[in-house]
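All residue numbers for the sequence shown refer to the working numbering, where the first residue is 75 and numbers rise by one.
Just so it is clear, CB atoms sit at the ideal spot from N, CA and C, and this is done for glycine as well.
Keep in mind the model is a prediction, meaning the values are calculated, not measured.
Contents: one structure, followed by commentary.
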Amino acid sequence: MSKIKNISGFPEWLPQQKIVEERLIQRIKAIYSSFGFTPIETPAVELVSTLTSGSEVDKEIYAIRRLHDDGTKEAELALHFDLTVPLARYVAQHFSELDFPFKRYQLQKSWRGDRPQKGRFREFYQFDIDIIARDTLPLSADAETIMVLDQVFEALDCGKYLIRLNNRKILLGIYASLGLDDEQRRAAIVAVDKILKIGRDGVTKELTEQVKLDSLVAEKIVDLADVRIVPSEAEYILSSLEIDDKTFVSGKQELVELISILPEETLKNIQIDLSLARGLDYYTGVILEVQLEDYPQFGTVASGGRYDDLASRFINKKLPGVGVSLGLTRFLDLAFSNDLFPLDRKSPTQVLVAVNSEQQRKACNEVAQRIRDNGIACEVSLGSQRLGKQIDYADAKGVRFVIFVDPDTQHLEVKDLVSKEQHPIGDLSSWCRTTFGAIEA
75 MSKIKNISGF
85 PEWLPQQKIV
95 EERLIQRIKA
105 IYSSFGFTPI
115 ETPAVELVST
125 LTSGSEVDKE
135 IYAIRRLHDD
145 GTKEAELALH
155 FDLTVPLARY
165 VAQHFSELDF
175 PFKRYQLQKS
185 WRGDRPQKGR
195 FREFYQFDID
205 IIARDTLPLS
215 ADAETIMVLD
225 QVFEALDCGK
235 YLIRLNNRKI
245 LLGIYASLGL
255 DDEQRRAAIV
265 AVDKILKIGR
275 DGVTKELTEQ
285 VKLDSLVAEK
295 IVDLADVRIV
305 PSEAEYILSS
315 LEIDDKTFVS
325 GKQELVELIS
335 ILPEETLKNI
345 QIDLSLARGL
355 DYYTGVILEV
365 QLEDYPQFGT
375 VASGGRYDDL
385 ASRFINKKLP
395 GVGVSLGLTR
405 FLDLAFSNDL
415 FPLDRKSPTQ
425 VLVAVNSEQQ
435 RKACNEVAQR
445 IRDNGIACEV
455 SLGSQRLGKQ
465 IDYADAKGVR
475 FVIFVDPDTQ
485 HLEVKDLVSK
495 EQHPIGDLSS
505 WCRTTFGAIE
515 A
């Protein structure tokens, strides 16, 4: 018999991993909600015409159809490859029903026909936030997005992280000052965006051979991509480049203003990085990526930026926005591979009520319900095998407390499987509050 396995690129977690995932999702949702973002959900399936744009990503879209076609003419459908395009369609469709600025968060799976490799999947969770406005969107929205992202990575407790920040206008202005035309500028951005993957030499080669730039110009672009700036020095260093292109000046002013309104606690995790390009065409201003400093080779775990007119395909209105996407599945793959989180819980159960005999089951069920009424996850042993075996079951699942019900007096005792102590319980509700309040604190 052949070995049973799931399809490559479609991850599935064990119970202890799913518990960690759910815990992190709740933390992130709480932060998003605390900033006033509201949840939405869009269908997994969209019209092919909605998703396609003539870009490279079109090759990765999974089209869907019924297995047995009855010849009925139906619209061409596909699975969404990210949450940004469905958001644009959603905002355009519900424009008259939404309040602007519209702040949403969205946790859903996306699908891409990508080549599976470490950190890259065909099915994956994305956890996005966006702020979309009518006509104009102030830089305070960009600042808030960065602040949210900073709080999320603090809450994830995954070690040191770096928010790499740039402005698309700075890059376009630099390239214009070097004599690149519009097409060359776009191609240069795509090339520079690969610098962490293919290195300086790879980018230089692409700029000279594919973009057809002079070797000195290509070298200048790659040299500028090496520039890293702490936020407090951004205005001085960018001004020292002595570039008077109006697009560059506009990008510099936006970046300096953005830095001026960010809290110091956030700024300490930010680096201005002129290699950051974000190859997607729709970014028009601030761009950002997040990397874990202990795992630089892993690349980006969250990214985003400012876009001026993402929904223009669907509605004749200007709807500028700013957003970021956290690659949750990608992040968890890194976390599980490097033991960033303990996997000691295989169940949400916090208390197991042991059963001495089936005659005692009703009393045990009543005790368990009283525990649940106190907000504590509790299960009753499904069998009445020897107590040692029930304790082993609890220990294997990471359940810390086992409660025993005396068959004669109905008095309760609890065994702590961590401290190995066992003692009687007087008032059950008081024990729940004292024990789990202390653990949570």
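Whole-Å CB distance - residue i paired with residue j, under 8 Å assumed
i	j	result
Q464	A428	5 Å
G378	S399	6 Å
V476	L426	5 Å
K392	D209	5 Å
L125	H154	6 Å
A308	I361	About 15 Å separates the two Cβ atoms, so there is no contact after all.
D222	Y357	According to the sequence shown, residue 222 is Val rather than Asp. Incorrect: roughly 18 Å between the Cβ atoms, too far for contact.
G401	Q200	6 Å
L341	I333	7 Å
L502	I445	7 Å
A442	Q424	That belief does not hold up - the Cβ atoms of A442 and Q424 are roughly 11 Å apart, past 8 Å.
L408	Q90	That belief does not hold up - the Cβ atoms of L408 and Q90 are roughly 17 Å apart, past 8 Å.
Residue j beta carbon less than 8 Å from that of residue i
i	j	result
L211	I205	yes
G397	D231	no
S349	V473	no
V375	R404	yes
F322	G247	yes
G395	A207	yes
F84	E197	yes
I263	A351	yes
L366	G233	yes
V522	I499	Given a span of 75 to 515 for the chain in the structure shown, any question on residue 522 remains unanswerable.
D319	A261	no
I220	G325	no
R186	I114	no
V479	Q433	no
Y369	N439	no
A299	I272	no
Minimum C-alpha distance to residue i - residue among the options
i	options	result
S455	G449, D466 and D300	D466
Q180	P160, A166, D275 and G273	P160
I81	L245, R189 and I450	R189
P422	L408, A437, K436 and E453	E453
R302	I333, F174, R259 and I344	I344
R163	V122, E148 and Q90	V122
F410	K77, L88 and I78	L88
G457	N430, K92, S306 and L408	N430
K494	S386, D469, R140 and S504	D469
G511	I389, A437 and N448	N448
E96	L406, Q191, E171 and S170	L406
S386	F111, S108 and S127	S127
K436	D143, G462, P481 and S170	P481
I138	T483, A149 and D144	A149
S306	D297, I272 and P337	P337
V131	T146, S184, Q459 and T508	S184
R380	A215, G110 and E339	A215
Q182	E134, E280, T158 and F111	T158
K471	D173, I135 and I93	I93
F111	Y136, K77 and F174	F174
For residue i: DSSP bridge partner residues
i	result
I346	L239 and I303
A152	E120 and A137
G397	D204 and G379
T112	R178
F475	V425 and D490
Y357	Y381
V364	I237 and A376
Y199	K183
H497	V488
V454	V427
R194	Q191
Within-8 Å CB hit, residue i to chain C
i	result
L341	Included in the structure is just one protein chain, with no chain C present.
Just checking, does the segment 278-292 make contact with the segment 307-323 on the three C-beta pairs under 8 Å criterion? no
Between the segment 327-336 and the segment 233-243, can you find at least three pairs of beta-carbon atoms closer than 8 Å? yes
Report yes or no: do the segment 101-109 and the segment 221-229 share at least 3 C-beta pairs separated by less than 8 Å? yes
Are three or more beta carbon pairs between the segment 253-271 and the segment 287-298 nearer than 8 Å? yes
Per the contact definition of three or more C-beta pairs closer than 8 Å, is the segment 139-158 in contact with the segment 116-124? yes
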